[in-house]
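Input: a single structure, listed below in structure tokens.
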Amino acid sequence: MTRKLHPATIAAQAGGFIDSASGGVVPPLQPSTTFVRDTTYALVRPDNIYSRDDSDITRLAESLLAELEGASEARLFPSGMAAIAALFRALPADARVVVQSGIYWGTTKWVRDFCDRRDIALTEVDAADEKALKAAVSGHRPHLLFIETPSNPWLKTTDLELAAELVHGVGGLLAVDSTAATPILSQPLALGADIVMHSATKAIGGHSDLLAGVLAVKDAEAPIWSAIKTDRHDAGAVIGPFEAWLLVRSIRTLPLRVERMSANALAVAQAMEAHAKVDAVFYPGLPSHDGHAIAARQMTGGFGPLLSVCVQGGAAEALAVAGRLQLFHRATSLGGVESLVEHRHTIEPHTGIPENLLRLSVGIEDAGDLVADLEQALG
Ligand code: PLP
Numbered sequence: 005m006t007r008k009l010h011p012a013t014i015a016a017q018a019g020g021f022i023d024s025a026s027g028g029v030v031p032p033l034q035p036s037t038t039f040v041r042d043t044t045y046a047l048v049r050p051d052n053i054y055s056r057d058d059s060d061i062t063r064l065a066e067s068l069l070a071e072l073e074g075a076s077e078a079r080l081f082p083s084g085m086a087a088i089a090a091l092f093r094a095l096p097a098d099a100r101v102v103v104q105s106g107i108y109w110g111t112t113k114w115v116r117d118f119c120d121r122r123d124i125a126l127t128e129v130d131a132a133d134e135k136a137l138k139a140a141v142s143g144h145r146p147h148l149l150f151i152e153t154p155s156n157p158w159l160k161t162t163d164l165e166l167a168a169e170l171v172h173g174v175g176g177l178l179a180v181d182s183t184a185a186t187p188i189l190s191q192p193l194a195l196g197a198d199i200v201m202h203s204a205t206k207a208i209g210g211h212s213d214l215l216a217g218v219l220a221v222k223d224a225e226a227p228i229w230s231a232i233k234t235d236r237h238d239a240g241a242v243i244g245p246f247e248a249w250l251l252v253r254s255i256r257t258l259p260l261r262v263e264r265m266s267a268n269a270l271a272v273a274q275a276m277e278a279h280a281k282v283d284a285v286f287y288p289g290l291p292s293h294d295g296h297a298i299a300a301r302q303m304t305g306g307f308g309p310l311l312s313v314c315v316q317g318g319a320a321e322a323l324a325v326a327g328r329l330q331l332f333h334r335a336t337s338l339g340g341v342e343s344l345v346e347h348r349h350t351i352e353p354h355t356g357i358p359e360n361l362l363r364l365s366v367g368i369e370d371a372g373d374l375v376a377d378l379e380q381a382l383g
């Protein structure tokens, strides 16, 4: 068929995969680490030598993710952090980078340590503040601008078209952590980004049972992409076949799950905004959110599963609300089918996260049940 297929069709049919050996509509799981040669010493399958970089199921997952993301190529890594590390390791030792402030704490912490060790000049900026972003990019002329949108846990929204124009104007690249948006709701490459990153541990995996990360690129000939691919091959930050198999299985329902999580998250955000015992709600789907206009422009079909709520009081009150929740599990992470609540201040006490902030990852349960659970916990 020549017609361009929609994400729901690509995902549900795993890109049209049929196993040529068995006729199965599900790909086989091949755990072999090594692949044979014939009597003339030719490889039986020229693209399969050794599983550090040769795996049919990983290639299938990567091609599906590239298609959903509108990318030329994608590569999987054993975690989101491994994908971010691969990106930053591809920079020259004297590089300059501008990284969004107030993003996932694990990223900030690792990037600070890495840039320090490698003499990379790091500038952190609130990228959702256009004036600050312009000043940081023109002042530091970065080789790489790294944005996370919507950001975790502040849900700040950065204008990706503007970010791309700014960094391209100084000869740099734009990389976007699009984990909270998923490849279904946002397509950063079409908005000008050069590389998109996801923690596939989150919504792409979606069942809280695998760790994975992905980088996807617009221009497969870009020198940074060759450096990333070489580094992954040689340094071996690869995903195992079972995780890749689980990912393919998960991707088949990704559009459905994202649609439901986004609708549920919006319902929860609206209910929380109207609640007398809630001081603030951060969710890009709410018209009251600072980044709503940008999010509405660059996200289609919803605003994702992640939101943060500041309850009345301080840490004790927030922890008490979390403790009274019966459906939201008290656990870190996001994007799974089950709803989670996290008190980020407990995890990162010195980073300015409000003591009364609860981060919610909204799953695919019944929205009314979730809202009722929050309402009884707020009292
Ligand atoms: N980026 C974001 C926005 C995240 O929330 C996380 C993890 O929470 C990561 C990256 C790191 O991903 P992983 O836990 O798969 O290493």
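Residues in the sequence shown are numbered consecutively from 5, following the working numbering. Note that the Cβ used here is the ideal one computed from N, Cα and C, for glycine as well.
Contact set for residue i: own chain, Cβ-Cβ below 7 Å, skip 5 residues either direction
| i | result |
| --- | --- |
| Val252 | Ala18, Pro31, Ile61, Leu64, Ala65, Leu68 |
| Ser254 | Ile208, Gly209, Gly210, His211 |
| Asp23 | Pro31, Pro32 |
| Thr355 | Trp109 |
Proximity of residue i and residue j at Cβ, strictly below 8 Å
| i | j | result |
| --- | --- | --- |
| Trp229 | Leu33 | no |
| Leu338 | Lys206 | yes |
| Leu311 | Val272 | yes |
| Arg348 | Leu329 | no |
| Ala179 | Leu91 | yes |
| Val386 | Pro146 | Shown here, the chain extends from 5 to 383; a query on residue 386 therefore has no answer. |
| Leu378 | Asn268 | no |
| Gly383 | Ala194 | no |
| Ala204 | Pro154 | no |
| Ala241 | Phe81 | yes |
| Val141 | Val115 | no |
| Val221 | Glu77 | yes |
| Gly196 | Glu169 | yes |
| Leu344 | Phe332 | yes |
| Gly289 | Leu270 | yes |
| Ala16 | Arg264 | no |
| Leu148 | Leu177 | yes |
| Leu166 | Ile124 | no |
Cβ neighbours of residue i in the same chain (closer than 6 Å, five flanking residues each side left out)
| i | result |
| --- | --- |
| Asn52 | Phe39, Asp58 |
| Glu247 | Leu214, Ala216 |
| Ala300 | none |
| Arg41 | Leu47 |
| Pro227 | none |
| Glu152 | Gln104, Ile107, Asp181 |
| Phe150 | Val103, Ala179 |
| Pro35 | Pro245 |
Local Cβ density within 10 Å of residue i, reported as buried at 16 or more and exposed below that
| i | result |
| --- | --- |
| Leu47 | exposed |
| Gln191 | buried |
| Asp198 | buried |
| Asp163 | buried |
| Gly295 | buried |
| Thr37 | exposed |
| Gly20 | exposed |
| Val29 | exposed |
| Tyr54 | exposed |
| Thr112 | buried |
| Ala297 | exposed |
| His293 | buried |
| Gly1 | Residue numbering for the chain in the displayed model covers 5 to 383; residue 1 lies beyond these limits and cannot be assessed. |
| His202 | buried |
| Gly340 | buried |
| Asn139 | Looking at the sequence shown, residue 139 is not Asn but Ala. It is exposed - the Cβ of Ala139 has fewer than 16 other Cβ atoms within 10 Å. |
| Arg363 | buried |
| Gly84 | buried |
| Ala239 | exposed |
Residues bridged to residue i [DSSP beta-bridge criterion]
| i | result |
| --- | --- |
| His150 | First, the residue type needs correcting, since residue 150 is Phe and not His in the sequence shown. Phe150 is bridged to Val103, Ala179. |
| Gly217 | Phe81, Ser203 |
| Tyr54 | Thr38 |
| His172 | Per DSSP, none; premise fails for His172. |
| Val313 | Val285, Leu362 |
| Val325 | Val325 is not bridged to any residue. |
| Val129 | Gln104 |
| His4 | The requested residue 4 is not part of the displayed model; the chain covers only 5 to 383. |
| Leu47 | Arg41 |
Own chain partners of residue i with C-beta closer than 8 Å, once the 5 adjacent residues on each side are dropped
| i | result |
| --- | --- |
| Leu189 | Val262, Ser266, Met303, Thr304, Gly305, Gly306, Phe307, Gly308 |
| Ser26 | Pro32 |
| Lys281 | Val315, Gln316, Leu382, Gly383 |
| Glu321 | Val315, Asn360 |
| Arg236 | Asp57, Arg79, Phe81, Ala90, Val242 |
| Gly244 | Pro82 |
| Glu352 | Trp109 |
| Ala371 | Ala267, Asn268, Ala271, Val272 |
Distance cut-off 7 Å: residue i Cβ against heavy atoms of the ligand SAH
| i | result |
| --- | --- |
| Leu219 | What this structure holds is the ligand PLP, not the ligand SAH. |
Closer than 8 Å to chain D by CB, residue i
| i | result |
| --- | --- |
| Arg56 | This model lacks chain D altogether; it includes just one protein chain. |
request  = Taking only runs that begin and end inside the region 352-379, name each unbroken beta strand (DSSP E) of 3 or more residues, in chain order.
outcome  = 361-365
task = Report the residue ranges of all beta strand (DSSP E) runs contained in full by the region 212-268; include only those spanning at least 3 residues, in chain order.
result = 217-221
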